[in-house]
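Following the working numbering, the numbering of the sequence shown begins with 786 at its first residue and continues without gaps.
Just so it is clear, CB atoms sit at the ideal spot from N, CA and C, and this is done for glycine as well.
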Amino acid sequence: MKSNNGKLYIVATPIGNLKDITLRALEVLKSVDVIACEDTRVSKKLLNSYDIGNKTLISYYEPKEERIIPKIIELLKDGKDVALISDAGTPSISDPGYKLIKRSIEEGIEIIPIPGAFAGLSGLVASGLPTDKFIFIGFLPNKEGKKREILKKFGSLNSTVILYESPNRVLKTLNLIKEL
Numbered sequence: 786m787k788s789n790n791g792k793l794y795i796v797a798t799p800i801g802n803l804k805d806i807t808l809r810a811l812e813v814l815k816s817v818d819v820i821a822c823e824d825t826r827v828s829k830k831l832l833n834s835y836d837i838g839n840k841t842l843i844s845y846y847e848p849k850e851e852r853i854i855p856k857i858i859e860l861l862k863d864g865k866d867v868a869l870i871s872d873a874g875t876p877s878i879s880d881p882g883y884k885l886i887k888r889s890i891e892e893g894i895e896i897i898p899i900p901g902a903f904a905g906l907s908g909l910v911a912s913g914l915p916t917d918k919f920i921f922i923g924f925l926p927n928k929e930g931k932k933r934e935i936l937k938k939f940g941s942l943n944s945t946v947i948l949y950e951s952p953n954r955v956l957k958t959l960n961l962i963k964e965l
């Protein structure tokens, strides 16, 4: 039986250079009914640079997730296609999105990933570190004790570890890694 539900597109966006968007991502962003985005101001810059106007934008960011998910699910159930984008990179990779994707799956909504930029992988391939085995752990906790615990745990593995850190804390974290 064919579903009348819309589709949820998980669309990767550029991570620093607006030209790094894929042709397929542009096609999807032009064709969907609604775009759920982290920060509408950031997303409008991308959309305007590719003449993608007159789109309904829904602000979708972490503190607001629980309130917005039912609205997006309702749009999808009404047959509207929705693109989920983050400010930079792939939604749900150290960005909001996981809860919406999980709920959409539970509701029988078709999920279509549109691949593209992933800062962690881009950094890895340019690093000269081994790429045959790697682990992505996302953002580290702010508290030094928890950060130390995670770094010890993953640092003992025989693989490259990819992590994200705030520019304000990167030096301190590098010193901690060196210490361990």
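What do you reckon, are the CB atoms on residue i and residue j nearer than 8 Å?
i	j	result
V796	I899	yes
L861	N790	yes
I947	I935	no
L961	K932	yes
S889	L793	yes
I737	E895	In the structure as shown, the chain begins at 786 and stops at 965. Residue 737 is therefore absent and cannot be evaluated.
Tell me which same chain residues have a C-beta within less than 7 Å of the C-beta of residue i, skipping the five on either side of it?
i	result
L760	Outside the displayed range of the chain (786 to 965) lies residue 760, so it cannot be described from this structure.
I853	I843, Y845
K937	L965
L811	Y835
D880	E823, S871, G874
Looking only at its own chain, which residues have a Cβ that is under 8 Å from the Cβ of residue i, when we skip the five neighbours before and after it?
i	result
K928	none
G838	L832
T916	L909, V910, T945
Output the distance between the C-alpha atoms of residue i and residue j, rounded to the nearest integer angstrom.
i	j	result
N943	L909	16 Å
V813	S912	32 Å
G864	A904	33 Å
Near residue i, which residues of its chain fall below 6 Å by C-beta distance, leaving aside the five closest residues on each side in sequence?
i	result
I878	none
Subject >> Contained beta strand (DSSP E) runs [length at least 3] in the stretch 829-901, N- to C-terminal order >> reply: For the stretch 829-901, whole beta strand (DSSP E) runs of length 3 or above, ordered along the chain, are 841-844, 867-870, 895-899.
Original post:
Just checking, does the stretch 863-877 make contact with the stretch 815-829 on the three C-beta pairs under 8 Å criterion?
Top reply: Between the stretch 863-877 and the stretch 815-829 there are three or more C-beta pairs closer than 8 Å, enough to call the two in contact.
**OP:** Within the stretch 792-830, note down every full alpha helix (DSSP H) run reaching 4 residues or more, in order along the chain.
**Re:** Segments of the alpha helix (DSSP H) lying fully in the stretch 792-830: 808-816.
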